[in-house]
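Read the structure below first, then the notes.
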Amino acid sequence: MSKLKRKQYEKLLEPMQEELVAMARWVAATGQRVVVLFEGRDTAGKGGAIQAIAARLNPRQCRTVALPKPTEAEAGQWYFQRYAAHLPTTGQIILFDRSWYNRAGVEKVMGFAKDEQVGEFLKAAPQFEKMLTDDGILLFKYWLACDQEEQEKRFAERIDDPLKRWKLSPIDQAARTKYADYTKAREEMLEATHTDWAPWTLVDFNNQKRGRLTLIRNLLDRLPDTKCDEKPIDWPPLGHKPLKERFEILKPIPDFPAD
Numbered sequence: 001m002s003k004l005k006r007k008q009y010e011k012l013l014e015p016m017q018e019e020l021v022a023m024a025r026w027v028a029a030t031g032q033r034v035v036v037l038f039e040g041r042d043t044a045g046k047g048g049a050i051q052a053i054a055a056r057l058n059p060r061q062c063r064t065v066a067l068p069k070p071t072e073a074e075a076g077q078w079y080f081q082r083y084a085a086h087l088p089t090t091g092q093i094i095l096f097d098r099s100w101y102n103r104a105g106v107e108k109v110m111g112f113a114k115d116e117q118v119g120e121f122l123k124a125a126p127q128f129e130k131m132l133t134d135d136g137i138l139l140f141k142y143w144l145a146c147d148q149e150e151q152e153k154r155f156a157e158r159i160d161d162p163l164k165r166w167k168l169s170p171i172d173q174a175a176r177t178k179y180a181d182y183t184k185a186r187e188e189m190l191e192a193t194h195t196d197w198a199p200w201t202l203v204d205f206n207n208q209k210r211g212r213l214t215l216i217r218n219l220l221d222r223l224p225d226t227k228c229d230e231k232p233i234d235w236p237p238l239g240h241k242p243l244k245e246r247f248e249i250l251k252p253i254p255d256f257p258a259d
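So the sequence shown is numbered by the UniProt record's numbering: it starts at 1 and just counts up by one.
What follows is the structure, given as structure tokens:
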């Protein structure tokens, strides 16, 4: 499919974001707990998808969790422990920018986890997720896909753009040579963890704008009826002429000379 132009994309995204706002209002009103996992290849577009979902939502209600490398203390814990600490309370939406599936992906492919650890994880993950869903958490798992040719273009963009260069890491450099290994690891992960109670959804992100729209539409369509009337806000007249700012102790700094 052809790439979407920015204006076309924004026109299609806006009504979905209105639905997301309504969904968040429903989550708050009903005390639901929502968890969305974003997994996929480097450069696939996890951050952009998360941003598109969270952009219009209250950041106190909708939080993004992107955990760094485990500390020495965390490395000695039950593997799921540091992720469980970020699960939502009632009325919250949590978006995981990578998740406990690191063990079946980057840790496996890059040799950060032993085969025995990966095997135990693949057995335990469905049980862990069963506990979450049995407790009422709405869990959605997305894997974002892109071809290596597209991945190479995005890596090149990051190298050439100083505003994106921070996204590159030594792991990214090593991962370039392991595209097929990541494919194999993903298929093993899907076979072991694609369950009735916590199924995976794969989304084509070779076209990132279209991929975001596809993912958001899928997420909204899979939720229960989220209709929740917005309460009217009592906003009486101010009662006097609007006041201007007055300064005595300090004054604002000079305006930026945009002209």
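Even for Gly, the Cβ is constructed at its ideal location relative to N, Cα and C.
May I have the straight-line CA-CA distance separating P254 from K244, to the nearest angstrom?
-> Computed Cα separation, rounded: 18 angstroms.
Nearest to A44 by alpha carbon, out of P237, L223, Y182?
-> Taking A44 as reference, the option from P237, L223, Y182 with the minimal CA-CA separation is Y182.
Might you give, ordered along the chain, the residues of its own chain that have their beta carbon closer than 6 angstroms to the beta carbon of R212, omitting 5 neighbours on each side?
-> Closer than 6 angstroms at Cβ, skipping near neighbours: A49, A52.
Closest by CA to L139, which one among Y9, F38, A22, R25?
-> Looking from the CA of L139, the closest CA among Y9, F38, A22, R25 belongs to F38.
How many Å lie between K108 and E152 at the Cα?
-> Taking the straight line from one Cα to the other gives about 22 angstroms.
Under 6 angstroms Cβ to Cβ from K130, same chain only, skipping five residues before and after it: list those, please.
-> Residues W197 of the same chain have their beta carbon placed closer than 6 angstroms to that of K130, with the five preceding and five following residues left out of the count.
For W78, does the count of other Cβ atoms within 10 angstroms reach 16, so buried, or fall short, so exposed?
-> With fewer than 16 other Cβ atoms within 10 Å, it is exposed.
Secondary structure of T195, DSSP reduced to three states | Residue state, collapsed to three classes: coil.
What do you reckon, are the CB atoms on R82 and L67 nearer than 8 angstroms?
-> Yes, Cβ-Cβ distance for R82 and L67 is below 8 angstroms.
Tell me which same chain residues have a C-beta within less than 8 angstroms of the C-beta of K3, skipping the five on either side of it?
-> Contacts found: N207, K209, R210.
Any idea what DSSP makes of L56, helix, strand or coil?
-> Going by the sequence as given, residue 56 is Arg instead of Leu. In this structure, DSSP gives R56 a state outside helix and strand, which the three-state scheme calls coil.
Please name the residue or residues paired with C62 in a DSSP beta bridge.
-> For C62, which the question treats as bridged, DSSP gives the partners I93.
If you draw a straight line from the C-alpha of D161 to the C-alpha of G40, how long is it?
-> Roughly 22 angstroms separates the two Cα atoms.
Of the choices R33, V34, A55, V35, whose alpha-carbon is the least far from that of E10?
-> E10 has its Cα closest to that of A55, out of R33, V34, A55, V35.
Contact check, G105 vs A185, beta carbons under 8 angstroms = Result yes, Cβ atoms of G105 and A185 sit closer than 8 angstroms.
Can you check whether the CB of A73 is closer than 8 angstroms to the CB of W100?
-> Annotated as distal: W100 and A73, with beta-carbon spacing of 8 angstroms or more.
Which residues in the same chain have their Cβ closer than 7 angstroms to the Cβ of H194, if we skip the five residues on either side of it in sequence?
-> Closer than 7 angstroms at the Cβ level, and outside the excluded window around H194, lie W200.
Same chain only: Cβ atoms within 7 angstroms of T226, ignoring 5 sequence neighbours per side | Here the set comprises A22, M23, W26.
Count the other CB atoms, across all protein chains shown, that sit within 10 Å of the CB of residue 289; report buried if there are 16 or more and exposed otherwise.
-> Residue 289 is absent from the model: the chain starts at 1 and stops at 259.
R25 Cβ short of 7 angstroms to the ligand GTP heavy atom set = As for the ligand GTP, it is missing from this structure, which has no ligand bound.
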